[in-house]
RNA sequence: GCCAGUGUGGCUCAACGGUAGAGCAACUGAUUUGUAAUCUGUGGGUUGCGGGUUCGAUUCCUGUCACUGGCUCCA
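Numbering (my numbering), first residue to last: 101 to 737.
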């Protein structure tokens with residue numbers, strides 16, 4: 101029979117061989133490295149006899165999912181240690197995550213990081229024993245007995261299908277309701293570390309009890325753990341909140357309120373540059389820019405449905421339109437989105453099929469009263485600016501419009517060197533619109549992705565209540581993914597606001613409506629860019645492109661003159677005229693990630709040249725002024 | 001909103017029951033500097049805010065606000 105090796109090749113082995121035999125037959129090295137086997141996608145132990153005709157994958161430490169298996173096994177070790185140290189603990193779930201694992205516990209008093217050393221020591225003890233993870237199939241009754249003191253496990257047991265095979269996993273005295281896969285024995289865990297504690301709702305449901313979640317990570321080799329920890333430090337250095345302060349991009353003032361960033365001059369420059377850059381592209385692509393109010397009478401939000409659905413997440417206020425003696429209050433709401441404004445603009449005129457598609461865009465600043473626990477620097481703020489657009493079109497035009505948006509997304513994201521992937525979210529349970537509309541719209545989104553050559557995952561039932569959507573996730577320089585662009589079909593607003601157009605046959609038809617954003621939130625996108633580039637924004641976007649560094653006071657005039665020349669070419673230039681040694685000026689400019697530093701001293705002034713230093717490549721030697729002027733002019737929008 | 005942790009000068013941190021300290025930054029003065037941080041001096045904090053325990057609180061307790069990490073949420 102055949103087995104599949106990690107490299108994808110096929111190998112024949114004898115009937116009746118166990119997984120361990122199979123591993124051994126591949127060669128001593130691999131056999132030693134084998135950490136588990138997969139039979140028809142169900143994982144089994146090394147002593148499991150491979151059934152006739154089955155395809156077996158021997159997973160080695162180098163296999164892509166090997167570390168996940170290791171991490172999940174380490175979660176068992178964690179639970180085992182906690183159970184020993186805290187008798188009576190209720191254990192929840194303990195899966196592997198992208199970069200480690202966690203295990204949820206219900207304890208009389210929560211754990212803290214101070215408890216980690218003791219738990220880690222106990223885990224190390226368990227790992228040192230190198231006991232096997234033993235898989236057992238038990239009856240439902242046996243399982244109920246085994247977990248008699250584990251109410252969370254019993255709850256899980258009751259939720260399994262009645263005909264499901266009940267698989268438990270023993271390790272030492274620890275037993276878990278879990279079908280794996282696991283490593284053969286705990287000794288393979290070469291290095292692990294508990295990372296943090298957090299609260300987590302049982303089964304992810306905010307209405308249920310909150311458990312203590314312990315996060316950790318594990319590796320086959322100590323070296324890999326060290327590297328992982330080092331990478332975490334590097335990621336921390338890129339944190340946009342830290343760089344945002346160091347680079348003078350934005351600040352938060354507690355007096356202003358939570359989640360309301362204030363942009364410093366450099367931050368404002370970047371945001372305006374991003375906007376201008378996108379604006380030009382959008383004009384070229386047939387979008388028309390509009391401007392709509394920041395507040396609307398509450399009637400608008402009642403019509404749109406936001407008043408009911410999102411009332412607590414919006415900023416509403418009353419204003420006295422009468423006087424002190426005869427007060428007459430009107431209610432207004434600050435916009436959490438720009439759609440109603442664009443819809444009202446559409447309604448400003450009667451529309452013919454000849455007008456369509458109509459593409460309105462706006463850099464619309466919106467305010468959402470996000471829950472206090474979710475605000476996070478620029479990445480999740482309560483006030484932010486969407487690069488928002490709405491497309492009104494016919495049913496037939498829809499697919500080409502989506503395709504055009506995907507093309508735009510591709511252009512924008514590839515400019516920043518982002519790889520990206522797509523997810524299509526389909527009809528949720530609570531939703532409006534007919535089956536036909538949902539089917540057509542969802543197919544249009546799929547079709548557009550296919551035509552664009554964009555692979556997509558399906559998020560079943562994850563669409564908005566008013567229509568399906570495509571979400572674009574970008575991958576940054578250190579491999580993290582961020583959701584940015586979105587394309588959404590909206591069945592709700594055209595209906596609620598009664599939008600129509602005249603067809604060729606002079607009948608009245610409802611237009612189809614698309615929402616789309618490329619950056620999503622411009623400020624959030626800026627935060628992502630800061631982390632992506634570790635603060636070193638590309639030349640065209642850098643708030644300061646050139647730092648002119650006069651060597652001594654007597655060179656300051658020449659420095660100002662050079663700065664003026666560069667500014668005339670569209671450059672953003674700072675002169676470092678303070679009385680400081682060159683190495684200090686260089687250090688300061690460098691820590692500001694300024695793309696070009698120009699040293700100006702007697703030598704340069706005499707020769708009519710400049711000495712240029714690049715932030716990444718260092719000293720570039722002597723340049724004619726024109727060379728830098730040209731580079732700066734090229735980078736101007 | 002929930003769970004846990006943390007709040008000390010603009011920033012990064014120390015002191016942890018006995019009158020709050022350093023570095024960076026700021027300001028003085030010196031230095032006029034050649035590719036990642038020169039020397040000198042000065043000023044700056046009712047230790048987030050309120051209450052309690054104590055002879056005495058930055059330190060212990062409590063409430064509150066904010067921040068951090070998660071969870072839930074993200075139209």
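Yeah, the Cβ is synthetic: ideal placement off N, Cα and C, and Gly gets one too.
- In the three-state DSSP reduction, residue 600 falls in the coil class, being neither helix nor strand.
- DSSP places residue 278 in the coil class of the three-state scheme, outside both helix and strand.
- Taking the Cα of residue 238 as reference, the smallest distance to any Cα among 608, 286, 279 is reached at 279.
- Of the residues assessed, residue 214 falls on the exposed side of the cut-off, its CB having fewer than 16 other CB atoms within 10 angstroms.
- Each residue's CA atom was taken as its position, placing residue 428 and residue 419 some 8 Å apart.
- Relative to residue 118, the option among 149, 101, 112 whose CA is nearest is 149.
- DSSP, reduced to helix, strand and coil, places residue 223 within a helical segment of the structure shown.
- Residue 495 sits away from residue 451, with the two beta carbons spaced by 8 Å or more.
- As computed with DSSP, residue 727 is found in no beta bridge at all.
- When only Cα atoms are considered, residue 721 and residue 712 end up about 6 Å apart.
- Assignment of alpha helix (DSSP H) within the segment 325–359, counting only whole runs of 4 or more residues, yields 340–346 in chain order.
- Linking residue 529 to residue 410 through their CA atoms gives a straight-line distance of about 18 Å.
- Each residue's CA atom was taken as its position, placing residue 581 and residue 517 some 13 Å apart.
- Restricting attention to 558, 447, 562, 618, the CA atom closest to the CA of residue 586 is found in 618.
- Per DSSP, residue 612 lies in no alpha helix (DSSP H); the unbroken beta strand (DSSP E) holding it starts and ends at 612–621.
- Residues 491, 493, 497, 501 of the same chain have their beta carbon placed closer than 6 Å to that of residue 457, with the five preceding and five following residues left out of the count.
- Listed in chain order, the alpha helix (DSSP H) runs fully inside the segment 436–463 are 439–447, counting runs of at least 4 residues.
- By the CB criterion at 8 Å, residue 414 and residue 441 fall outside the cutoff.
- In the pairwise beta carbon analysis, the segment 354–363 is classified as not touching the segment 201–212: fewer than three pairs are separated by under 8 Å.
- If the five residues before and after residue 602 are omitted, its C-beta is found closer than 6 Å to the C-beta atoms of 452, all from its own chain and listed in chain order.
- Taking each of 405, 449, 715, 482 in turn and checking the Cα distance to residue 623, the smallest one comes out for 482.
- With contacts defined by Cβ atoms closer than 8 Å, residue 227 and residue 182 do not form a contacting pair.
- Here residue 335 is near residue 578, since their CB atoms are less than 8 Å apart.
- If only complete runs of 3 or more residues are kept, the segment 666–695 shows the beta strand (DSSP E) at 673–675, in order along the chain.
- Under the criterion of beta carbons closer than 8 Å, residue 381 and residue 438 do not qualify as touching, at roughly 19 Å.
- In the structure shown, residue 254 adopts helical secondary structure according to DSSP, grouped into three states.
- Around the beta carbon of residue 513, a 10 Å sphere encloses 16 or more other beta carbons of the protein chains shown; the residue is thus reported as buried.
- Secondary structure of residue 272 (DSSP, three-state): coil.
- Note on residue 736: under 16 other CB atoms within 10 angstroms of its CB, so exposed under the neighbour-count rule.
- For residue 230, the three-state secondary structure derived from DSSP is coil.
- When C-alpha distances from residue 710 are compared across 268, 231, 716, 666, the shortest belongs to 666.
- With the rule of 3 Cβ pairs closer than 8 Å, the segment 328–343 counts as touching the segment 466–484.
- In the displayed model, residue 292 falls within a strand according to three-state DSSP.
- In this structure, residue 403 sits near residue 596, with a CB-CB distance shorter than 8 Å.
- For residue 649, the enclosing beta strand (DSSP E) covers residues 646–650.
- Under the Cβ criterion (8 Å, minimum of three pairs), the segment 681–693 does not count as touching the segment 381–397.
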